[in-house]
Structures are given as structure tokens and as C-alpha cells.
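Data block below; observations after.
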Amino acid sequence: MAGHSKWANIQHRKGRQDAKRGKIFTRLIKEITVAARLGGGGPDTNPRLRLAMDKAYDNNMPKDNVERAIKRGSGELEGVNYEEIRYEGYGISGAAVMVDCMTDNRTRTVADVRHAFTKYGGNLGTDGSVAFLFKHCGQMVFAPGTDEAKLMDAAIDAGAEDVEKHEDGSIEVITGPGEFSAVRAALAKAGFKPELAEVTMKPATDNALTGDDALRMQKLLDALEAVDDVQEVYTTAVLDVPA
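Residue numbers (my numbering): 1 to 243.
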């Protein structure tokens, strides 16, 4: 997007994730537990569990923690029974926001999410109000300077859906959710390491926010991410982040 660096936003986002690493473990344990409950404790036959485990190990979670979460999910150990809920709404200047939660208390969660939206200038919407603005896909972002031709060849051969080079020089590889792990492994074998790699809800459109609007939107996103039951926050907002 003209005037806004995809790479700067990716770096900004990674920095904020690193600052919240303690909470990342809690979220990953929930995801592993639910994945094991829904699809069984075997990662070879449960792609969602495999993704959750890969993400846990990427974030240096101890193997014992991962195995305990799988056992809770598959019923070998007692644990909390979480349910998945998605909330949709709007932030500053109409930017769409989607919030994925895992909770053992739906009443508490909706109250906390609604409070964050209201306090920081957003509005909680109805189911389906913004979901159509996002695509469920695998996303990998590579640093500026990556060999575009070689990466594109490797990505297409591995089964990627699309490869896009941005104005700032970063390159984005998009896959289907089910193909993400295989494409990532193939690219790693070819010598390509992404700076960001995840199965996500990718916005189909961007809302560029600058100045006070960007600061207000960041406060809203921070408030939502601080809610204990929130797993992921997705938005169409692209914040004008200083280089």
C-alpha cells in the first residue's frame, strides 16, 4: 500500500508479540488442548494440532507443557473445557476487527470484549458483520532482499496459492490453511526462512490509519489482546508505524 510499509508493520507486530510472550504460552496451551479434544491427540492425523504444536515449539515452549496440554485435550488428564467464540466489530475510522476467543465462561468473555471496544472508541458488531472482509489462509512474509524469482519458483512448486512482492521489498507467500505446513517445510528445505509464518485471517482490504487515529486504534487492539480469553485479534487497520 502506497505510503505504508508492510515490513514496518510486520516488525512492529513481532515486537509487540515478543513483549507478550508470557501470555503466548497460555494461549498456545489452550489451542493445543482444544485441537486435541476436537481432532484427537495424534498430530499426524490432526492438522490443527500439528500447527499448534509447531507454533508452540517456535515459541520455545517446553515439550512437557505441550504433551500435558495434549493429554488434557484427549481426556487423559483432567482440565478446563474451553469453547471457541468469535466476536466481530469496528474500530477507529471503521476499521474491521475480528476477535477469536477460547473461554470457559461466555458471559465473562463477551463482557470483557465489549468493554474493550466501548472504552477505546470501537463498536462490537453482530456475527458476520466483518468476517467477509477476511480470508482464512496460511501467510509467510520474507524480508526485503529475498530472491523473488527463486522464492516464487519454490513456493509455486510447493503448492502455494500466491506470491506477492510489496513496495518495501518484502515478499508474501499465501497458502491454503491445509497446505501451510507442507509449503513452509518445502521452503525451509529450499533455504527460505520467513520472518512471519502463521495460519491467519488475512484482511482482503486495508484501512490506513495515521496520527491520532493510529494511536487510538493501537490502544483498542492492545485492550482486546489483554483480555485473558482472547486468542487472536485480526484487523483491516494498517497503522502508520515510525521506521
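Using N, Cα and C, we set each Cβ at its ideal position, and we do this for glycine too.
Let me know if Phe132 comes out buried or exposed under the rule of 16 or more other beta-carbons within 10 Å of its beta-carbon.
Mapped onto the sequence shown, residue 132 falls at position 132. So Phe132 ends up on the exposed side.
Using the rule of at least 16 other Cβ atoms within 10 Å of the residue's Cβ for burial, across every protein chain shown, is Lys189 buried or exposed?
Against the sequence shown, residue 189 aligns to sequence position 189. With fewer than 16 Cβ atoms within 10 Å of its Cβ, Lys189 is classed as exposed.
Give a yes or no on whether the C-beta atoms belonging to Phe244 and Ala154 are separated by under 8 Å.
This structure gives no information on residue 244, because the portion of the chain shown stretches from 1 to 243.
Whole angstroms are fine: how far does the CA of Asn65 sit from the CA of Thr235?
Sequence index remark: in the sequence shown, residue 235 carries index 235 (1-based). Sequence index remark: in the sequence shown, residue 65 carries index 65 (1-based). Straight-line measurement puts the Cα of Asn65 at about 30 Å from the Cα of Thr235.
Quick one: grab the DSSP three-state call for His4.
Here residue 4 corresponds to residue number 4 of the sequence shown, with the count starting at 1. Because the pLDDT at His4 is just 48, under 50, the model does not fix this residue reliably, and the value given afterwards should be weighed accordingly. DSSP, reduced to helix, strand and coil, places His4 outside both helices and strands of the structure shown, so it counts as coil.
Measuring CB atoms only, is the stretch 90-100 touching the stretch 55-71, in the sense that at least three cross pairs come out at less than 8 Å?
Too few Cβ pairs lie closer than 8 Å, so no.
Taking all protein chains shown into account, do 16 or more other C-beta atoms lie within 10 angstroms of the C-beta of Gly73, making it buried, or fewer, making it exposed?
Residue 73 sits at position 73 when you count from the first residue of the sequence shown. By the neighbour-count criterion, in which 16 or more other beta carbons inside 10 Å mark a residue as buried, Gly73 falls on the buried side.
Count the other CB atoms, across all protein chains shown, that sit within 10 Å of the CB of Arg106; report buried if there are 16 or more and exposed otherwise.
What you label residue 106 is simply residue 106 of the sequence shown in a count that begins at 1. Burial state of Arg106 is exposed, judged by a 10 Å Cβ sphere holding fewer than 16 other Cβ atoms.
Which residue comes first and which comes last in the beta strand (DSSP E) that contains His136?
Working through the sequence shown from its first residue, we reach residue 136 at position 136. Counting along the chain, the beta strand (DSSP E) containing His136 begins and ends at Phe134 to Phe142.
Counted within 10 angstroms of its Cβ, other Cβ atoms place Ala2 as buried (16 or more) or exposed
Here the question's residue 2 lines up with position 2 in the sequence shown. At Ala2, the pLDDT of 36 sits below 50, so the modelled position is not reliable; the number obtained from the coordinates is stated separately. Exposed is the call here.
In this structure, does DSSP put Gly73 in helix, strand or coil?
Residue numbering aside, residue 73 sits at position 73 when the sequence shown is read from its first letter. Three-state DSSP puts Gly73 in a helix.
Taking all protein chains shown into account, decide if Asn123 is buried (16 or more other Cβ within 10 angstroms of its Cβ) or exposed.
As a first step, residue 123 must be located in the sequence shown, where it is residue number 123. With fewer than 16 other Cβ atoms within 10 Å, it is exposed.
Could you tell me which residues DSSP pairs with Val278 in its beta bridges?
Limits of the chain in this structure are 1 at one end and 243 at the other, which puts residue 278 out of reach.
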